[in-house]
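Everything on this sheet refers to the single structure shown next.
Number of protein chains: 2
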Amino acid sequence: MLNKEGHVPLYIQLKDLIQEKIESGVYAEGTAIPSERELCNMYEVSRITVRQAIERAVSEGLLVRRPGKGTYVSARKIHQPLERITSFGTTMTGQGLLAKTSVLEAQNAYAPAKVYDILQVSKNTPLVKLVLLGTANSQPLAIYTSYFRPDIGEQMADYALEWAAQGRAFSSFDLYEGMSHELRPVVARQTFEAGLASSMVARHLRLGNPAVVFVVESVAESKTGVPVEYKIAYYRADRYRFSIARKIGT
Amino acid sequence: MLNKEGHVPLYIQLKDLIQEKIESGVYAEGTAIPSERELCNMYEVSRITVRQAIERAVSEGLLVRRPGKGTYVSARKIHQPLERITSFGTTMTGQGLLAKTSVLEAQNAYAPAKVYDILQVSKNTPLVKLVLLGTANSQPLAIYTSYFRPDIGEQMADYALEWAAQGRAFSSFDLYEGMSHELRPVVARQTFEAGLASSMVARHLRLGNPAVVFVVESVAESKTGVPVEYKIAYYRADRYRFSIARKIGT
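Order-wise, the sequence lines are chains A and B.
Quick note on numbering that gives the first Met the number 0: the first sequence kicks off at 0 and runs consecutively.
Quick note on numbering that gives the first Met the number 0: the second sequence kicks off at 0 and runs consecutively.
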């Protein structure tokens, strides 16, 4: 219960209580929490206190408001450690999610100029373009567009179509698994940005407007430093959390 | 010029051209690019082609639309490698920006419950709360709220006020510099999330609505594993880009 004589503001105490109920599973992921009026009665606090507590919990990402419907417990975020890239399927299974990958596109296409520069391939050469959609529990979570070096592109597209037909969950990096090849990548140089989803990305990820996405660009390099793949990925920001331990200082 | 007989769609060619002009500085950061009509005339292409090219450049973050005003070249993003945390001042100076830190709050305060758990301090103890605002070229870029272990909090607040009075640019981690102390942190465990800015954060960062921010939580630990500081930071997503080289596979 709330301590009305304590030092901690009531709305913070109420937010902490709601958070504890979410973390202990009393309020389950994706379900509605009690209405403002119910919370007022349950905790004998004012409507203003309840609103401030909910506002705080929404800004911390614990709750989401669905206009005209109520306030719901956010879906838990998928946690990706940044130290190393692990397989898409393993990551999802590790978090209790049923994952699947679909191939939206696998064809020859012209890429933006910078992709040719990055892959060190002459412009006006078509490249193999592969667009994958990653879903978990039937919800689309991320869309990935890759361009490959010409010498591996067709092989990669074939693997993708084969794996998707088998119902597997994979990212483009997982596809190199079968390849006993000097071009198999060992490192991905990535940049992480965030922004509003474009209408195309929002449509594929079934997001409303405005929706926030992580934009992750990757260049995968073989152990001899050859860039073999350029990839741009859009992840639902409400479903992903990245973590890292960083050393402080020089 | 555009190649109307080429394989590459005209709008992609035009987008690439605009990008080259931005990268070479012909279109300078923060200035308006020519109007749609001017671009149609300059490149002898249809209005639809120009719109598609601009749409693409906006979705890639190269341009921003200011309703009723025109289309502008985005400010270059600040690049932060994730391998290691370097000083705020050095990072900004390295990118040619004039940085400054202001202290918005330095006082005793009660923290959310999870902060006490993280810092392993009993609840109902006030902690030193330090809120810093980082600016570059007079634009606010990030707001940081830190809570410290009780034994170092006052010292940290004193340093912050002193450094700010000297006009220095710093983050809370830089403040440990002077401290020859076993509690000096050597690692920060961080999570990166992204979302829409709350109205409070938007006000401090002078952002319109909707605005996207990175939300970075850090726990700084001493070399003996003692958690000395909890920090939550909000970074303007339109001004920050994080990078990392990740190993692929297990």
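Glycine is no exception: its CB is placed at the ideal position from the N, C-alpha and C atoms.
Look at residue 182 of chain A and residue 231 of chain A and say whether their C-beta atoms are less than 7 Å apart.
Contact check for residue 182 of chain A against residue 231 of chain A fails: the beta carbons are separated by 7 Å or more.
Under 9 Å between beta-carbons, which chain B residues line up against residue 238 of chain A? List them in chain order, please.
The contacting residues do not exist; residue 238 of chain A stays about 10 Å from chain B at best.
Along chain A, in chain order, which residues have C-beta atoms closer than 7 Å to that of residue 172 of chain B? 247
Assign residue 83 of chain B to one of two classes, buried (16 or more other C-beta atoms within 10 Å of its C-beta) or exposed (fewer than that). Flag for residue 83 of chain B reads exposed.
Query - Per DSSP, the bridge partner or partners of residue 133 of chain B - result: B:100, B:141
Quiz item: Would DSSP call residue 61 of chain A helix, strand or coil?
Solution: coil
Exercise for the section: Check each residue of the segment 142 to 166 of chain B: if its Cβ is closer than 7 Å to any Cβ of chain A, include it; give the result in chain order. Expected result: none
Note down, in chain order, all residues in the segment 176 to 190 of chain A with a beta-carbon under 8 Å from any beta-carbon belonging to chain D. Here the protein chains are A and B, and chain D is not one of them.
Next on the checklist: For residue 155 of chain B, count the other beta carbons within 10 Å of its own beta carbon; 16 or more makes it buried, fewer makes it exposed. Which is it?
Outcome noted: buried
- prompt: Alpha carbon to alpha carbon, how far is residue 123 of chain A from residue 26 of chain B?
  reply: For residue 123 of chain A and residue 26 of chain B, the distance between alpha carbons rounds to 26 Å.
Rank A:2, A:208, A:99 by C-alpha distance to the C-alpha of residue 142 of chain A and give the top, closest one. A:99
Would residue 194 of chain B pass as an interface residue toward chain A - the criterion being a Cβ-Cβ separation below 7 Å? yes
Checklist entry - Listing by chain order, which chain A residues have their CB less than 7 Å from the CB of residue 81 of chain B? => result 81, 243, 245
Is there at least one Cβ from chain B nearer than 7 Å to residue 27 of chain A's Cβ? no
Beta-carbon proximity check, residue 1 of chain B vs residue 18 of chain B, cutoff 7 Å
In this structure, residue 18 of chain B does not lie closer than 7 Å to residue 1 of chain B by Cβ.
Check your understanding: Using a C-beta cutoff of 7 Å, does residue 139 of chain B count as contacting chain A?
Key -> It does not: the Cβ of residue 139 of chain B has no partner Cβ on chain A nearer than 7 Å.
- prompt: Who pairs with residue 218 of chain B in a beta bridge, going by DSSP?
  reply: B:188, B:229
Notebook entry, point to check: With DSSP run on the structure shown, which of helix, strand or coil describes residue 69 of chain B?
Noted result: strand
### Query
Around the Cβ of residue 237 of chain A, are there at least 16 other Cβ atoms within 10 angstroms (buried) or fewer (exposed)?
With a threshold of 16 other beta carbon atoms within 10 Å, residue 237 of chain A meets it and is buried.
Taking only three categories from DSSP, how would you classify residue 3 of chain B? coil
Assigned exposure category for residue 228 of chain A - 16 Cβ within 10 Å defines buried
The residue in question, residue 228 of chain A, is buried, as its Cβ has 16 or more Cβ neighbours within 10 Å.
Count the CB pairs spanning the segment 44 to 61 of chain B and the segment 156 to 173 of chain A that are closer than 8 Å, and state whether there are at least three. The segment 44 to 61 of chain B and the segment 156 to 173 of chain A do not touch, with fewer than 3 CB-CB distances between them shorter than 8 Å.
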